[in-house]
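UniProt numbering puts the sequence shown at residues 1 to 261. Okay, structure first, notes after.
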Amino acid sequence: MTTDTPIAHRKTGALPALIALCLGLGLMSGVATQNAEASQPMTSTQPAAQTLSARQQAIPLIAAFMATSDMPRLNAALNQGLDAGLTVSETKEILVQLYAYVGFPRSLNALNELMTVVQARKQRGIQDAPGREPSRAIATGEALLAAGTANQTRISGGPVKGPVFDFAPVINPFLQTHLFGDIFERDNLDWQSRELATVGALAATPGVESQLRSHMRASLRVGLSVEQLRQVIEVLAEHGDEQSAKRASTALTQALAASGG
């Protein structure tokens, strides 16, 4: 975990179904129990802050411009994040995680852009902090499924079930073992940063409003405050991404209304 403001492999085959992970937590929208919707943020989080740090502000921008393949603005956002204290490891982790939401091609292109940015900064005499790799080995087999299921339950607010999982039962074990297991068990990026990245990417992607609402709720559960999420909207708007900001604003309003907040 980072020491920023509050908060927080088993290798799988390239199964086509894993691309469906772009649904992410959005598959859970409306399928958790009402009690889960009202649950408190994870006990492992620290009290929510009122503002995002400079480092945190860069994360949804990186994610949004990755999702839209806007390389010039992604380049600027990557530089902004590194200048604000993101390590190279954390930045790589953001771009790797987001393949599950916006696809491998965009993830690979963004990683190539990050490599270009880091090399250019070295040539200018800037030595970015490399950061660290995960501090523990990722479980495999049944242990990975158990860890991923526990992470999924904490982030979604309760056990995940519903008609879509009855219709396509295989998708939830994929989510539990890969997204919430292989990826969320990697502790070189805290969960608040992971949710900021996911919100940014989904806000920039038309047609995934349900998933965006779900991640707004998840962001609150991992310790981000309403004020911080409103600041995400402001940051997107300030950087010329009005449509993304509008989708994020609508999703936050609906998420708060659904939870009575």
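A virtual CB, placed ideally from N, CA and C, is assigned to each residue, including glycine.
- Under the 8 Å Cβ criterion, the region 192–212 counts as touching the region 240–247, having at least three qualifying pairs.
- Going by DSSP, serine 69 is part of no alpha helix (DSSP H) at all; its letter is neither H nor E.
- Residue state for aspartate 182 is assigned as helix, using DSSP reduced to three classes.
- Relative to the Cα of proline 134, the nearest Cα in the group Pro105, Ala146, Glu93 belongs to Glu93.
- Secondary structure in the UniProt domain "Carboxymuconolactone decarboxylase-like" (176–252): the alpha helix (DSSP H) runs of 4 residues or longer, each lying completely within the stretch, are 191–203, 209–221, 226–238 in chain order.
- Rounded to whole angstroms, the Cβ separation of arginine 106 and methionine 66 is 6 Å, and the two are in contact under 8 Å.
- Assignment of lysine 161 by DSSP, reduced to helix, strand and coil, places it in the coil class.
- In the same chain as leucine 114, and ignoring 5 residues on each side of it, the C-beta atoms closer than 7 Å to its own belong to Leu78, Thr91, Lys92, Leu95, in chain order.
- Residue environment for leucine 108: exposed (fewer than 16 other C-beta atoms within 10 angstroms of its C-beta).
- Here DSSP, grouped into helix, strand and coil, assigns proline 169 to coil.
- In the three-state reduction of the DSSP assignment, glutamate 133 falls in the coil class, being assigned neither a helical nor a strand state.
- It is roughly 9 Å from the alpha-carbon of threonine 51 to the alpha-carbon of valine 226.
- Linking leucine 189 to alanine 58 through their CA atoms gives a straight-line distance of about 14 Å.
- Nearest C-alpha to tyrosine 101 among Gly162, Ser156, Leu175, Ala137: Leu175.
- By the CB criterion at 8 Å, arginine 136 and aspartate 187 fall inside the cutoff.
- In the three-state DSSP reduction, glutamine 127 falls in the coil class, being neither helix nor strand.
- Distance between aspartate 70 and proline 163, taken at the CA atoms: about 36 Å.
- Relative to arginine 217, the option among Asn172, Leu256, Ala129 whose CA is nearest is Leu256.
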